[in-house]
Every structure is written in structure tokens, then in C-alpha cells.
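At the far end of the sequence shown sits residue 236, using the working numbering, and the numbering has no gaps.
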Amino acid sequence: MARRFVGLTDDPARREQDHNNPKDWKQRTFATEDEARRWMKELLEDPEFETGAGDRGWRYGYTYTIRPWTRE
């Protein structure tokens, strides 16, 4: 099973670059922080997903598959 990373940010372009521009980068926009946190919590209930310390905001959520060359 592939591991997937999930995170929140206010600067998705920077975070995508920080994570080495994953080819399967997906993002979505949130209207409220509560909505963003609920989305992330739901994904993290799936053992396929993990996150790291370093959320920088909440306006955008993103996911990608963790590869040897990506940085979480």
C-alpha cells in the first residue's frame, strides 16, 4: 500500500515546491478552518495517510504519494 501525505497550508505553491513538486499533487480550497481540519481528520482515519508537523495555515488542503525523493 502506498503511503500518502496530507497537509494544510495558506501557500500551496510554496508547499508543493517544499515537497519536491510531486506529480500527483492534489489540492482543494476551504472556506473555514473547521472545514479544513475536518477534511484532514477524515483522511488521517485512513491508515494510508499520514501528516507531519508543519501545517502553515488552513486555506488549502493537499495530498500526494510519498516517494523516495519527496520530502514530507
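A virtual CB, placed ideally from N, CA and C, is assigned to each residue, including glycine.
| field | Ala200 burial status per 10 Å Cβ neighbour count (16 or more: buried) | value | buried
| query | Anyone know if the C-beta pair for Arg178 and Gly171 falls short of 9 Å? | reply | For Arg178 and Gly171, no; Cβs fall outside 9 Å.
| Hey, Asp175 and Arg220 are a contact pair by Cβ (cut 8 Å); roughly how many whole angstroms apart? | Between Asp175 and Arg220, the beta carbon gap of about 6 Å places them in contact (Cβ cut-off 8 Å).
| Do the CB positions of Gln191 and Thr229 come within less than 9 Å of each other? | no
| query | Taking the DSSP output, what are the residues bridged to Asn214? | reply | The sequence shown places Glu at residue 214, not Asn. According to DSSP, Glu214 bridges with Phe169.
| Buried or exposed: where does Thr173 fall if 16 or more other Cβ atoms within 10 Å of its Cβ makes it buried? | Per the 10 Å Cβ criterion, buried.
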